[in-house]
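Enquirer:
Numbering (the numbering used here), first residue to last: -13 to 175.
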């Protein structure tokens, strides 16, 4: 895999900034900041884009300007604009099935009920990497939409914040050494 672009999923607007559904954007913004990138509006990519170099690899960072459920449209437009394939993409997103503070790397697969991933799969297919950032589960399926659109309590936010440096390091390992080494790094922590 030749990593070329990292997409951080979330909802636009101050109202959603601190919500669990925006942890992908939290990580993307950390990666941009740590590597001297500034996310700037790029209409043709339907989002904000930055260019950074991580582990001697030129990468674009993309924060879609669409709401989560329409992420696929923005991601497809961005891939087409930069002439990239889904296989060159890493998507950062919140994950209900992983406890807060845990991060997992996955290659391909379905959407697991995540509406942002569902739309990306619809527009781009399944063949892309995902960095899944645990936010935990509310326990009842009927509570999920309210759960992801609320900020985590302080104790869970601390767990998530503590995991983000490991996620950043995994991105560096992925860019330098590929998915197997990045998975080994993350999953042995």
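Quick reminder that beta carbons are idealized off the backbone N, C-alpha and C, glycines included.
(1) Going by beta carbon distance, what residues of the same chain come within less than 8 Å of residue 24, once the five residues before and after it are set aside?
(2) Quick one: is residue 9 buried, meaning 16 or more other Cβ sit within 10 Å of its Cβ, or exposed?
(3) Got a sec, what are the start and stop residues for the beta strand (DSSP E) residue 34 sits in?
(4) Do residue 105 and residue 57 have their beta-carbon atoms positioned less than 8 Å apart in this structure?
(5) Assess, as a yes-or-no matter, whether the region 26 to 34 is touched by the region 76 to 89 under the definition of 3 or more beta carbon pairs within less than 8 Å.
(6) Just to check my reading of the structure: residue 109 and residue 59 have Cβ atoms closer than 8 Å, yes? What is that Cβ distance to the nearest angstrom?
(7) Is residue 96 buried or exposed, if buried means 16 or more other CB atoms sit within 10 Å of its CB?
(8) Specify the secondary structure class of residue 112 as computed by DSSP and reduced to three states.
(9) Tell me, please, which residues DSSP counts as bridged to residue 75.
Expert: On the basis of the supplied data:
(1) 18, 36
(2) buried
(3) 33 to 40
(4) yes
(5) no
(6) 6 Å
(7) exposed
(8) coil
(9) -9
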